[in-house]
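Start counting the sequence shown at 5; every next residue gets the next number (our numbering). What follows is a set of notes on a single structure, which appears directly below.
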Amino acid sequence: MTERPDGNGAVKAHTSAPAPRHKASTPDEHADRARLKEDEPVSPLEREDIIDEEALIAEFEAEKPARHLSGLPGLLIKIAGAGLSLLALYWVFNPMPTQFYLPLFLGIGLSLTFLVYRGWGRSEASKAKRSGDNPGIADWALAIVALVPFLYIVSDWDGFFRRAITPTYLDLAMGVIAILVTLEASRRTVGILVPLVVVGFFAYASFGSLVPAPFNTSSFNWIRLVGHNVMGTQGLFGVPTDVAATYIILFTIYGAVLGASGATKFFIDLSFSAFGQSKSGPGRTVTLAGFLLGTVSGSGVATTVTLGGISWPLLRKAGYPKEHGGAILAAAGIGAIMSPPTLGAAAFIIAALLGVSYLQVLIWATIPTVLYYFGIILAIEMDARRFKTRAVDFDVKPVGKLLLRFGYHFSSLAAIVVFMAMGMTPFRAVVYATILAFVLSFLDRASWMTPRRIFDALATGATGALSVIPVMAAAGLIVGVMTLTGLGLKLANIIVDFAGGSLLLTAIFSAISVILLGLAVPVTASFIISWVIIGPALQDVGVPAFAAAMFIFYYSVLSEVSPPTALSPFAASAITGGKPIQTMWLTWRYTLSAFLVPFIFVLSGPGVGLLLQGGIGTVALAFAVSLLAVGALAVATGAWLFGPARWPERILLGLGSLPMLVMEPMYIGIGAAIIAVGVVVHLLGLKMRGHHPDEGAEAPAELATSGASGASGAGGATAVGQASGTGTDGAADGTRRTGAESS
Numbered sequence: 005m006t007e008r009p010d011g012n013g014a015v016k017a018h019t020s021a022p023a024p025r026h027k028a029s030t031p032d033e034h035a036d037r038a039r040l041k042e043d044e045p046v047s048p049l050e051r052e053d054i055i056d057e058e059a060l061i062a063e064f065e066a067e068k069p070a071r072h073l074s075g076l077p078g079l080l081i082k083i084a085g086a087g088l089s090l091l092a093l094y095w096v097f098n099p100m101p102t103q104f105y106l107p108l109f110l111g112i113g114l115s116l117t118f119l120v121y122r123g124w125g126r127s128e129a130s131k132a133k134r135s136g137d138n139p140g141i142a143d144w145a146l147a148i149v150a151l152v153p154f155l156y157i158v159s160d161w162d163g164f165f166r167r168a169i170t171p172t173y174l175d176l177a178m179g180v181i182a183i184l185v186t187l188e189a190s191r192r193t194v195g196i197l198v199p200l201v202v203v204g205f206f207a208y209a210s211f212g213s214l215v216p217a218p219f220n221t222s223s224f225n226w227i228r229l230v231g232h233n234v235m236g237t238q239g240l241f242g243v244p245t246d247v248a249a250t251y252i253i254l255f256t257i258y259g260a261v262l263g264a265s266g267a268t269k270f271f272i273d274l275s276f277s278a279f280g281q282s283k284s285g286p287g288r289t290v291t292l293a294g295f296l297l298g299t300v301s302g303s304g305v306a307t308t309v310t311l312g313g314i315s316w317p318l319l320r321k322a323g324y325p326k327e328h329g330g331a332i333l334a335a336a337g338i339g340a341i342m343s344p345p346t347l348g349a350a351a352f353i354i355a356a357l358l359g360v361s362y363l364q365v366l367i368w369a370t371i372p373t374v375l376y377y378f379g380i381i382l383a384i385e386m387d388a389r390r391f392k393t394r395a396v397d398f399d400v401k402p403v404g405k406l407l408l409r410f411g412y413h414f415s416s417l418a419a420i421v422v423f424m425a426m427g428m429t430p431f432r433a434v435v436y437a438t439i440l441a442f443v444l445s446f447l448d449r450a451s452w453m454t455p456r457r458i459f460d461a462l463a464t465g466a467t468g469a470l471s472v473i474p475v476m477a478a479a480g481l482i483v484g485v486m487t488l489t490g491l492g493l494k495l496a497n498i499i500v501d502f503a504g505g506s507l508l509l510t511a512i513f514s515a516i517s518v519i520l521l522g523l524a525v526p527v528t529a530s531f532i533i534s535w536v537i538i539g540p541a542l543q544d545v546g547v548p549a550f551a552a553a554m555f556i557f558y559y560s561v562l563s564e565v566s567p568p569t570a571l572s573p574f575a576a577s578a579i580t581g582g583k584p585i586q587t588m589w590l591t592w593r594y595t596l597s598a599f600l601v602p603f604i605f606v607l608s609g610p611g612v613g614l615l616l617q618g619g620i621g622t623v624a625l626a627f628a629v630s631l632l633a634v635g636a637l638a639v640a641t642g643a644w645l646f647g648p649a650r651w652p653e654r655i656l657l658g659l660g661s662l663p664m665l666v667m668e669p670m671y672i673g674i675g676a677a678i679i680a681v682g683v684v685v686h687l688l689g690l691k692m693r694g695h696h697p698d699e700g701a702e703a704p705a706e707l708a709t710s711g712a713s714g715a716s717g718a719g720g721a722t723a724v725g726q727a728s729g730t731g732t733d734g735a736a737d738g739t740r741r742t743g744a745e746s747s
């Protein structure tokens with residue numbers, strides 16, 4: 005499930021219906037419009053109209069897509085959204101008591117959610133007629149009802165929170181309404197599973213004495229449940245809601261302003277200019293663009309869709325099959341959630357839970373992010389050789405000229421880090437960075453922040469956070485029940501006991517648990533619940549709190565890749581027309597190193613060097629060994645080293661990467677020895693087969709099949725496995741390919 009959206013298109017003044025889930029795979033429709041002529045140069049941005057990016061982002065960003073509002077309702081909601089953004093900005097410089105600010109913020113946010121998100125999906129007839137998609141009477145009524153309990157709290161916030169132990173009947177009634185509207189708002193944004201989980205926890209708290217040991221607990225009545233979860237700071241107004249009302253809203257405003265200032269176009273142009281002209285350039289371009297766009301959006305799906313609309317024609321023309329091209333797009337997009345300086349929302353929660361600065365979390369995330377993209381780049385280089393991809397000519401400006409003219413867009417990103425290093429709170433740092441992005445927009449006439457653009461950015465910043473606000477509030481309710489019943493500690497003890505106190509088994513069970521939880525709930529909720537349960541388990545076996553938090557964070561993010569709800573790969577397949585399941589598994593292959601890297605910083609003391617802790621020597625050793633382990637794993641999954649890699653050496657290299665997860669000299673030596681044997685076996689095999697290291701590889705049979713599907717409907721683009729075999733592949737050596745080739 006996905007995470008913090010970048011604010012694209014939650015409120016838009018148009019009535020086009022969202023695209024069907026796999027519209028791109030229908031015959032000829034998208035393929036014909038995206039078709040590129042073989043002899044025609046490609047401009048990076050000339051194909052932006054191939055897909056409806058807003059519809060795809062809305063469809064895959066959450067279980068329930070946002071409305072496409074128009075007319076007076078759309079304007080009123082934009083005004084309210086801009087007002088919510090202004091409230092958050094006002095809070096930065098004029099702090100209000102938490103018990104006043106959070107209910108006010110949450111009330112407005114939930115009220116807007118009922119207007120922006122539908123209660124039920126649109127009928128096919130309504131979509132076909134392209135009829136209005138504005139809220140109905142019931143939605144407006146719910147929006148008003150959602151405001152009532154929170155305005156009640158704000159009107160006497162001091163007395164309300166003081167009455168937590170002995171609430172009045174009116175307090176209880178308002179508390180119940182607040183819980184119910186939170187559950188309904190979360191259902192509208194991310195589907196039914198999150199509210200069902202909350203209801204399950206409340207049922208457990210109500211009937212805990214009837215539950216068999218060791219899960220049994222005291223039974224709590226509604227007075228106690230409402231008092232703890234609504235009239236205190238452990239539930240509805242706990243850390244998750246606090247993070248939504250501070251970090252997330254401010255960063256979505258920043259992302260909206262930065263995008264409006266032309267930064268998105270510059271990042272894509274720069275990526276194409278840097279890598280686009282080589283045989284492996286298209287894949288490198290997508291990877292770099294994904295990282296740069298991720299610094300703005302912090303959203304896997306949004307980055308994937310933005311990349312796909314521009315880069316898929318280039319990948320196809322270079323010779324990538326549909327599924328492999330979609331996997332590259334999804335892998336690069338998912339990296340957005342873990343790329344500094346705007347990580348996903350769970351990173352903000354880490355800072356709040358551990359009581360550290362957000363800058364510290366960015367420092368912890370730096371090397372794992374490098375390793376993530378290093379693994380993707382290696383996979384791309386291998387695929388370029390396996391598929392014999394070719395360079396694609398298109399008009400781009402030189403990198404130097406782009407940097408000189410538009411390099412100022414990096415200034416605000418760097419400013420966030422610099423301001424925090426100077427001792428500023430992250431809230432003020434991002435606001436000042438937003439102001440800097442606003443001022444710098446006037447360096448380009450096309451991107452001036454006019455009053456209309458300022459208004460739109462403020463509205464987009466607020467509405468872009470609406471899919472997160474109800475989920476954060478619902479997650480707070482779950483945490484509240486866990487702290488009240490002690491369930492989190494019970495489950496942590498069970499995990500440790502089941503693992504027999506073993507650090508390795510505890511880490512494995514923890515990773516599996518987080519991934520399974522992430523299949524049902526968004527990244528943020530997954531992290532919060534996992535931290536309460538699994539965080540104590542990891543710390544019980546000796547893992548430092550910060551390492552445990554980052555371990556859980558990365559596995560929560562990787563639910564984006566895990567079946568069956570791998571939203572970014574599914575969004576990518578809707579663009580490329582590839583098979584969704586195959587695209588998902590290929591994305592998993594590209595991101596496999598990310599599944600193993602978190603084990604490094606929990607399995608041994610020196611492993612925390614990956615989080616830039618423990619001194620220069622520890623950091624250097626951890627980084628060097630991790631690079632070797634990721635490289636060996638990439639060869640095992642990518643089937644290429646100095647030439648085509650076959651199963652014996654692939655197995656050896658894969659096995660050799662595993663001992664290196666434990667950063668101890670003996671295990672490092674064992675892993676290096678196995679890897680060395682694998683390399684020798686590989687070189688001997690190449691010599692016996694008479695393969696020169698510079699020669700291309702023939703495509704494996706299973707890839708030739710996918711390549712044939714990727715080539716269909718692609719116009720003049722020649723891909724691996726093309727059935728006719730009558731033309732050249734366009735690679736440097738001009739060798740001819742047929743669908744019968746296999747290694």
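For glycine and all other residues, C-beta sits at the position ideal for the given N, C-alpha and C. All values reported here derive from a predicted model rather than from experimental measurement.
Opposite Y121 in the DSSP bridges: which residues? A70
Nearest to T591 by CA position, among G468, A479, Y376 and L662, is which residue? Y376
Bounding residues of the alpha helix (DSSP H) (the contiguous stretch that carries K583): Careful: K583 lies outside any alpha helix (DSSP H) and carries neither H nor E.
Look up A249 in the DSSP assignment and say whether it is helix, strand or coil. helix
Look at the Cβ atom of L749, then the Cβ atom of V202, and state whether they are nearer than 8 Å. This structure does not reach residue 749, given that the chain is present from 5 up to 747, and the question cannot be answered.
What did DSSP end up calling L610 once you bin it into helix, strand or coil? One detail in the question is off: residue 610 reads as Pro in this sequence, not Leu. P610 falls in the helix class under three-state DSSP.
In this structure, does DSSP put P573 in helix, strand or coil? helix
According to DSSP, is P602 helix, strand or coil? helix
W644 (DSSP reduced to helix, strand or coil): strand
Considering M670, what are the terminal residues of the alpha helix (DSSP H) in which it resides? P669 to R693
When the distance is taken between beta carbons, is V434 closer than 8 Å to L254? yes
For N98, which three-state DSSP category applies? coil
Where the alpha helix (DSSP H) containing Y377 begins and where it ends: Y362 to R390
Endpoints, alpha helix (DSSP H) assigned at G329: K326 to I338
The alpha helix (DSSP H) spanning E653 covers which residue range? W651 to S661
Using a Cβ-Cβ cut-off of 7 Å (strictly less than) and excluding sequence neighbours within five positions of F271, which residues of its own chain qualify? A293, L296 and L297
Helix, strand or coil: how does DSSP classify S277 here? helix
Roughly how many angstroms lie between the CA atoms of A267 and A84, to the nearest whole one? 26 Å
Is W452 helix, strand or coil by DSSP? coil
Can you have a look at A708 and say buried or exposed, based on whether 16 or more other CB atoms are within 10 angstroms of its CB? Per-residue confidence for A708 stands at a pLDDT of 37, beneath the threshold of 50, marking its modelled position as unreliable; the derived number appears in the next sentence. Classification of A708: buried, given that the 10 Å Cβ count is 16 or more.
Alpha carbon to alpha carbon, how far is T528 from I354? 11 Å
Of the choices L491, W161, Q364 and D501, whose alpha-carbon is the least far from that of T221? L491
Measuring alpha carbon to alpha carbon, tell me which of R166, D162 and G123 ends up nearest A145. G123
Measure from the alpha carbon of A636 to the alpha carbon of each residue in P540, A549 and I655, then state which is nearest. I655
A66, buried or exposed, once every other Cβ within 10 Å from all chains shown has been counted against 16: Low local confidence applies: a pLDDT of 45 at A66 is under 50, so the model's placement there is unreliable, and no value is given.
Could you give the distance in angstroms between the alpha-carbon of F97 and the alpha-carbon of L262? 21 Å
Three-state secondary structure (DSSP) at A438? Ala is not the amino acid found at residue 438; the sequence shown has Thr there. In this structure, T438 counts as helix in the three-state DSSP scheme.
Measuring straight from C-alpha to C-alpha, what distance separates P216 and A496? 17 Å
Which same chain residues, not among the five before or five after L690, have their C-beta less than 6 Å away from its C-beta? G647
C-alpha distance - S445 paired with L76, whole-angstrom precision: 29 Å
Let me know the secondary structure DSSP gives K401 once reduced to three states. coil
Please state whether DSSP places L187 in a helix, a strand or coil. helix
Determine the extent of the alpha helix (DSSP H) in which M664 is found, giving its start and end residues. Unbroken run through M664: none, as it is neither H nor E.
Burial state of K405 (16 or more Cβ within 10 Å): exposed
Own chain partners of T237 with C-beta closer than 6 Å, once the 5 adjacent residues on each side are dropped: none
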